[in-house]
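Let me begin by presenting the structure, written as structure tokens, before commenting on it.
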Amino acid sequence: MEKCFVCGRPAAGSLRVFTSFLCRTCEQELLLLTADDPRYLFFVEKIRQVLPVAAEPLLP
Ligand SMILES: [Zn+2]
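At position 42 of the sequence shown the residue is numbered 41 (numbering that gives the first Met the number 0), and the sequence of numbers has no breaks.
Right under this line is the structure:
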């Protein structure tokens, strides 16, 4: 069973984000967040953790 990468709950039928999953609850919360909301930074940090390694700068 896939788990939501934000809240850790089972995320059946969830939105796929790269190799991770975002549940409907967190998806809706994310859509309603604005950049000045403290929760926004929390979500951004979570999303950064699931970004593929290919997104990193290709430096030695
Ligand atoms: Zn969630």
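Ideal Cβ placement from N, Cα and C applies to all residues, glycine included.
Being a predicted model, the structure only gives us computed values, none of them experimental.
Check the DSSP bridge columns for residue i and list the partner residues they point to.
| i | result |
| --- | --- |
| L64 | Outside the displayed span of the chain (0 to 59) sits residue 64, for which this structure offers no information. |
| K2 | P9 |
| L50 | Per DSSP, none; premise fails for L50. |
| V16 | S19 |
Contact defined as beta carbons within less than 8 Å: I believe residue i pairs with residue j. What is the distance between those atoms, to the nearest angstrom?
| i | j | result |
| --- | --- | --- |
| T18 | V49 | 7 Å |
| F42 | L32 | 6 Å |
Output yes if chain B places a C-beta closer than 7 Å to the C-beta of residue i; else output no.
| i | result |
| --- | --- |
| C25 | This model lacks chain B altogether, as it is built from one protein chain only. |
Taking Cβ to Cβ, would you say residue i is nearer than 7 Å to residue j?
| i | j | result |
| --- | --- | --- |
| C3 | L29 | no |
| K45 | V5 | yes |
Report yes or no: do three or more beta-carbon pairs, one from the region 30-39 and one from the region 5-15, lie closer than 8 Å? The region 30-39 is not in contact with the region 5-15.
Around ligand 1, what residues have a beta-carbon under 6 Å from a heavy atom of it, in chain order? After applying the 6 Å Cβ criterion, the set is C3, V5, C6, R8, C22, T24, C25.
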